[in-house]
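Colleague:
Here it is, written out as structure tokens:
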């Protein structure tokens, strides 16, 4: 608790400008531009590595740098995780033109009936 009080007394008047409205809007705008680029360039081979294992094509490298520049690192990681989760859910829910496979049902034309005439 003493560490928190020391931090608060030292930084009492400090304003974190990266969380103010204009900075958040700039962050969201650059985030949306980067993820739009990812969707648009999804047919290209991803060669660049972002946080949380997200891969992206080199065509989106400038937008990624802008996104990282405008947003806090914790926000970038959060948005990357969210994007990956949503992408995974979409991939699982989309059929991709194939029929969905369910449990395998085997044809069973014969049923076992005990014979009653045996001795």
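Residue numbers (the working numbering): 320 to 438.
For each residue, glycine too, the CB sits at the ideal point set by N, CA and C.
Please report the distance separating the alpha-carbon of residue 443 from that of residue 336.
Modeller: For residue 443 there is no data in the structure shown, the boundaries of the chain being 320 and 438.
Colleague: What's the C-alpha gap between residue 410 and residue 333?
Modeller: Cα-Cα distance, rounded: 44 Å.
Colleague: Quick test of your reading: residue 386 and residue 350, contact by CB under 8 Å. State the CB separation rounded to the nearest angstrom.
Modeller: About 5 Å separates the two Cβ atoms, so the contact holds.
Colleague: What residues match up with residue 367 in a beta bridge as DSSP calls it?
Modeller: Answer is 375.
Colleague: With DSSP as the reference, label residue 356 as helix, strand or coil.
Modeller: Helix, per DSSP.
Colleague: Check each candidate in 374, 381, 399, 339 and name the one with the smallest Cα separation from residue 362.
Modeller: Among 374, 381, 399, 339, the Cα nearest to that of residue 362 belongs to 374.
Colleague: On the criterion of 16 or more Cβ atoms from any shown chain inside 10 Å, does residue 408 qualify as buried, or is it exposed?
Modeller: Its Cβ having fewer than 16 others within 10 Å, residue 408 is exposed.
Colleague: Taking DSSP as the reference, what is the three-state secondary structure of residue 335?
Modeller: Coil.
Colleague: Which residues in the same chain have their Cβ closer than 7 Å to the Cβ of residue 357, if we skip the five residues on either side of it in sequence?
Modeller: These residues qualify, in order along the chain: 375, 379.
Colleague: With distance defined between alpha-carbon atoms, name the residue in 401, 412, 413 nearest to residue 354.
Modeller: Of the listed residues, the one whose Cα sits closest to residue 354 is 401.
Colleague: Terminal residues of the continuous alpha helix (DSSP H) containing residue 383?
Modeller: Start and end: 380-389.
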